[in-house]
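K.L.:
Heads up, my numbering is the position in the sequence shown plus 1181, with the first residue counted as 1.
Just so you know, even glycine gets a beta-carbon here, dropped at the ideal spot from N, CA and C.
Remember, it's a predicted structure, so these values are computed and weren't measured experimentally.
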Amino acid sequence: MSGSDESADLARQMREKAQQLAEAAERASDPQERERLEKKSRSMRDRSEQQSGMAAGDIYPQK
């Protein structure tokens, strides 16, 4: 597997994990736990977008 393929796969895995965290946040009954999971999901999604941009060869990731 090439470096590009590995980066794309990592980005996909990160997006899946972010989705799982968002779903867990929706199910959480505790407001603090919900906020923690939402924040973690957003962070994971942001990192996956950066990873995806690097895999595509974009040296200037979007902010």
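Check whether the Cβ atoms of Ala1199 and Arg1226 sit closer than 9 Å, and answer yes or no.
P.N.:
Yes, Cβ-Cβ distance for Ala1199 and Arg1226 is below 9 Å.
K.L.:
Taking 9 Å as the cut-off, decide whether the C-beta atoms of Ser1233 and Ala1203 are in contact.
P.N.:
Cβ atoms of Ser1233 and Ala1203: not closer than 9 Å.
K.L.:
Which of helix, strand or coil does DSSP assign to Ser1229?
P.N.:
If DSSP states are grouped into helix, strand and coil, Ser1229 belongs with the helices.
K.L.:
Between Gln1201 and Asp1186, what straight-line distance do the alpha-carbon atoms span, to the nearest angstrom?
P.N.:
Cα-Cα distance, rounded: 23 Å.
K.L.:
Please report the distance separating the alpha-carbon of Glu1216 from that of Ala1206.
P.N.:
Taking the straight line joining both Cα atoms gives about 7 Å.
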